[in-house]
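*Asks:* Submitted below is the structure of interest, expressed as structure tokens.
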Amino acid sequence: MKHNRIHNFNAGPAALPLPVLEEIQASFLNFKGSGMSITEISHRSKWFDDVINDAVERTRRLLKINDQYQVLFLQGGASLQFAMIPMNLLAPGKSADYVNTGTWSTNAIKEAKIQGKPIKVVASSEDKNFSYIPKNIPFNADAVYAHITSNNTIKGTQWAEFPDTGRVPIVSDMSSDFMSRPIPMEKFGLVYAGAQKNIGPAGVCLVIIHNDLLELTPADLPTMLKYTTHSTKNSMYNTPPCFAIYTIQLVMKWLEETIGGLDKMAALNQAKADLLYNYMDSTGFYKGTAQADSRSQMNVTFRLPNEDLEKKFVAEATAAGFGGLKGHRSVGGCRASIYNATDINSIQTLVDFMKQFAAKNG
Ligand SMILES: *Cc1c(COP(=O)(O)O)cnc(C)c1O
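Take a look at the structure:
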């Protein structure tokens with residue numbers, strides 16, 4: 045591979061588009077004629093204003109969102125959003141619905157409960173080790189929001205379609221499938237994504253919030269934990285993670301100009317996932333762990349006939365130039381994360397390797 049790079053199937057931080065990395069490299073010592081690196085310029089400079097404004101504009105265009113929504117770049121990762129969401133949106137006595145589809149939903153629920161918020165877990169797939177996305181969920185009409193995790197990075201499941209919550213806005217953790225497909229933004233009050241899975245490096249969490257929800261922010265929160273602090277200052281109340289935001293700008297540019305938008309990206313992601321799942325299903329050797337109608341197009345989780353073979357598979361794959369195929373430490377097995385930046389050729393190469401491994405060990 046070019047630059048001696050591996051076939052990167054890491055779950056996060058994860059692969060970024062090579063043209064983006066090359067552009068960063070090429071302009072790293074002298075950003076736009078400033079004579080400084082992007083990591084050395086002031087966040088109050090015109091150079092950085094252009095970066096953050098372009099990142100926001102491209103995000104808006106890709107998702108087709110209007111000025112009723114604000115696009116924010118926050119720190120503390122998706123994990124801080126687990127706490128900020130109930131803190132900002134649930135006034136005393138107000139409740140929200142949560143659907144538990146795995147590790148990250150469980151953490152979101154935990155953080156709301158720590159604050160003593162009377163949230164309701166309206167559905168869970170814990171009974172089957174989170175291998176599916178629940179259906180026919182009894183959402184409450186008086187909930188302030190309904191929280192879901194659109195893609196479950198660790199369990200390998202994904203909401204193929206978003207649930208009908210009536211007039212209640214959906215709040216979604218989209219850390220591991222944000223910008224992988226178009227989304228019906230009108231159903232959402234808030235969407236958040238730690239950048240390091242699909243849109244950039246670690247260190248920033250992108251939050252899109254509707255103005256109706258912004259109005260709910262109470263006055264007595266610590267300044268940094270209020271959404272309104274960040275929305276009124278264009279995410280520059282304090283020093284933002286400039287380098288991470290710059291990378292996101294370039295990823296959004298790649299999505300718009302090289303890929304051609306989210307419909308195109310979704311078609312590519314579908315073809316990539318089909319290639320891997322169809323091969324797995326054609327064998328008795330590799331078994332997907334998610335139920336077929338709940339499978340993730342981003343994180344393909346699978347098992348081999350036993351744990352010794354799984355260890356051998358990961359070791360031989362690593363030696364052959366594949367990275368990140370070990371499952372999450374909490375679930376074991378194997379996982380191939382195939383985010384936007386993973387090229388279909390890498391997946392074909394992986395399938396070829398998997399065929400050889402199954403032939404030798406099956
Ligand atoms: C990785 C991940 C998180 C945690 O993100 P941090 O930015 O590390 O806090 C939360 N939710 C999902 C779905 C994830 O994949």
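The numbering used here numbers the first residue of the sequence shown as 45 and each following residue consecutively. The beta carbon of each residue, even a glycine, is placed where N, CA and C say it ideally should be.
In this structure, how does DSSP classify GLY121 when only helix, strand and coil are distinguished?
*Replies:* In the sequence shown, residue 121 corresponds to position 77, counting from 1. Reduced to three states, the DSSP call for GLY121 is helix.
*Asks:* In three-state terms, what does DSSP make of HIS408?
*Replies:* There is simply no residue 408 to check, as the chain begins at 45 and stops at 406 in what is shown.
*Asks:* Using beta-carbon positions only, say whether ASP217 and THR193 come within less than 8 Å of one another.
*Replies:* Taking the sequence shown and counting its residues from 1, the one referred to as residue 217 is at position 173. Taking the sequence shown and counting its residues from 1, the one referred to as residue 193 is at position 149. Contact flag set, yes.
*Asks:* Under 7 Å from any heavy atom of ligand 1, does the C-beta of SER78 make it?
*Replies:* For the purposes of this step, residue 78 is taken as residue 34 along the sequence shown, with counting starting at 1. Not under cutoff, so the answer is no.
*Asks:* Whose CA, out of GLU354, LEU294 and GLY376, lies closest to the CA of ASP98?
*Replies:* Taking the sequence shown and counting its residues from 1, the one referred to as residue 98 is at position 54. Here the closest residue by C-alpha is LEU294.
*Asks:* Go ahead and pull the three-state DSSP assignment for ARG17.
*Replies:* Any question about residue 17 goes unanswered here, given that the chain covers just 45 to 406.
*Asks:* Can you look up ILE68 in the DSSP assignment and give me helix, strand or coil?
*Replies:* As a working mapping, residue 68 is identified with position 24 in the sequence shown. In the structure shown, ILE68 sits in a helix (DSSP, three-state: H, G or I).
*Asks:* With a threshold of 7 Å, establish whether the CB of ALA403 neighbours any heavy atom of ligand 1.
*Replies:* For the purposes of this step, residue 403 is taken as the residue at position 359 of the sequence shown. Not so, every heavy atom of ligand 1 lies at least 7 Å from the Cβ.
*Asks:* Taking ASN389 as part of the alpha helix (DSSP H), name the residues at either end of that continuous run.
*Replies:* Indexing the sequence shown from 1 puts residue 389 at position 345. Run containing ASN389: 388 to 405, per the alpha helix (DSSP H) assignment.
*Asks:* Tell me the rounded alpha-carbon separation between LYS199 and LEU394.
*Replies:* In the sequence shown, counting from the first residue as 1, residue 199 sits at position 155. In the sequence shown, counting from the first residue as 1, residue 394 sits at position 350. Roughly 20 Å separates the two Cα atoms.
*Asks:* Counting only the same chain and skipping the five closest in sequence on each side, list residues whose C-beta sits under 7 Å from that of ILE227.
*Replies:* For this step, residue 227 is matched to residue 183 along the sequence shown. Taken in chain order, the residues that qualify are LEU107.
*Asks:* Would you kindly report the start and end of the unbroken beta strand (DSSP E) that includes LEU353?
*Replies:* As a first step, residue 353 must be located in the sequence shown, where it is residue number 309. That residue, LEU353, is in no beta strand (DSSP E); its alpha helix (DSSP H) goes 351 to 363.
*Asks:* Do you know offhand how far LYS356's Cα is from THR283's?
*Replies:* Residue mapping note: residue 356 aligns to position 312 of the sequence shown, counting from 1. Residue mapping note: residue 283 aligns to position 239 of the sequence shown, counting from 1. Cα to Cα, LYS356 sits roughly 46 Å from THR283.
*Asks:* On the three-state DSSP scale, how would you describe VAL166?
*Replies:* Counting from 1 along the sequence shown, the entry for residue 166 is found at position 122. Of the three classes helix, strand and coil, the one that applies to VAL166 here is strand, per DSSP.
*Asks:* Count Cβ pairs between the segment 156 to 164 and the segment 135 to 144 that sit closer than 8 Å; are there 3 or more?
*Replies:* Counting Cβ pairs under 8 Å, three or more are found: they touch.
*Asks:* Tell me the rounded alpha-carbon separation between GLN392 and PRO61.
*Replies:* Counting from one through the sequence shown, the residue named residue 392 turns up at place 348. Counting from one through the sequence shown, the residue named residue 61 turns up at place 17. The alpha-carbon atoms of GLN392 and PRO61 are separated by roughly 18 Å.
*Asks:* Determine, using beta carbons only, whether ILE252 and LYS316 come nearer to each other than 8 Å.
*Replies:* For this step, residue 252 is matched to residue 208 along the sequence shown. For this step, residue 316 is matched to residue 272 along the sequence shown. Contact: no.
*Asks:* Does the segment 207 to 225 come close enough to the segment 241 to 252 that 3 or more CB-CB pairs lie under 8 Å?
*Replies:* Cβ pair count under 8 Å is three or more, so yes.
*Asks:* Any heavy atom of ligand 1 within a distance shorter than 7 Å of the CB on TRP91?
*Replies:* By 1-based counting over the sequence shown, the position of residue 91 is 47. Checking every heavy atom of ligand 1 against the Cβ of TRP91, none is found closer than 7 Å.
*Asks:* Taking 8 Å as the cut-off, decide whether the C-beta atoms of GLY146 and PHE174 are in contact.
*Replies:* Position 102 of the sequence shown, counted from the start, is the residue given in the question as residue 146. Position 130 of the sequence shown, counted from the start, is the residue given in the question as residue 174. Cβ distance < 8 Å, so GLY146 and PHE174 count as in contact.
*Asks:* Starting from the Cα of SER123, find the closest Cα among SER149, THR362 and LEU265 and give me that residue.
*Replies:* If you number the sequence shown from 1, residue 123 lands on position 79. Answer by Cα proximity: SER149.
*Asks:* Taking only the alpha-carbon atoms, compute the straight-line gap between GLU354 and LYS270 and give it to the nearest angstrom.
*Replies:* In the sequence shown, the residue the question calls residue 354 occupies position 310. In the sequence shown, the residue the question calls residue 270 occupies position 226. The straight-line gap from Cα to Cα measures roughly 45 Å.
*Asks:* Beta carbon of ALA334, beta carbon of SER326: below 8 Å?
*Replies:* In the sequence shown, counting from the first residue as 1, residue 334 sits at position 290. In the sequence shown, counting from the first residue as 1, residue 326 sits at position 282. No, they are not a contact pair.
*Asks:* Roughly how many angstroms separate the alpha carbons of SER352 and VAL358, rounded to a whole number?
*Replies:* Translated into positions along the sequence shown, residue 352 becomes position 308. Translated into positions along the sequence shown, residue 358 becomes position 314. Sequence check: residue 352 is Asp here, not Ser. Their backbone Cα atoms lie some 10 Å apart in a straight line.
*Asks:* So within the segment 163 to 250, which uninterrupted beta strand (DSSP E) runs reach at least 3 residues, ignoring any that extend past its ends?
*Replies:* Runs found: 164 to 168, 190 to 193, 214 to 217 and 232 to 238.
*Asks:* Between the Cα of GLY304 and those of GLU155, ARG105 and TYR113, spot the shortest distance and give me the residue it belongs to.
*Replies:* Numbered from its first residue, the sequence shown carries residue 304 at position 260. Out of GLU155, ARG105 and TYR113, ARG105 has the C-alpha closest to the C-alpha of GLY304.
*Asks:* Using CA coordinates, which residue listed in MET131, GLN112, GLY367 and ILE153 is at the minimum distance from PRO266?
*Replies:* The sequence position of residue 266 within the sequence shown is 222, counting from 1. The candidate whose alpha carbon is nearest that of PRO266 is MET131.
*Asks:* Is the distance from the Cβ of PHE329 to the Cβ of LEU312 below 8 Å?
*Replies:* Counting from 1 along the sequence shown, the entry for residue 329 is found at position 285. Counting from 1 along the sequence shown, the entry for residue 312 is found at position 268. No. Outside cutoff.
*Asks:* For ALA380, which residues does DSSP report across the bridge?
*Replies:* Reading the sequence shown from its first residue, position 336 is the one you call residue 380. Answer is VAL344.
*Asks:* Do you know offhand how far SER168's Cα is from MET342's?
*Replies:* In the sequence shown, residue 168 corresponds to position 124, counting from 1. In the sequence shown, residue 342 corresponds to position 298, counting from 1. Each residue's alpha carbon lies about 21 Å from the other.
*Asks:* Out of GLU155, ALA55, ALA204 and ALA185, state which residue places its alpha-carbon closest to the alpha-carbon of ASP337.
*Replies:* The residue labelled residue 337 in the question sits at position 293 within the sequence shown. Of the listed residues, the one whose Cα sits closest to ASP337 is ALA204.
*Asks:* What does the Cβ neighbour count give for PRO136, buried or exposed, with the cut at 16 atoms within 10 Å?
*Replies:* On the sequence shown, position 92 is the one that residue 136 refers to. Flag for PRO136 reads exposed.
*Asks:* Quick check: does the Cβ of TRP148 come within less than 7 Å of any heavy atom belonging to ligand 1?
*Replies:* Position 104 of the sequence shown, counted from the start, is the residue given in the question as residue 148. The answer is yes for TRP148.
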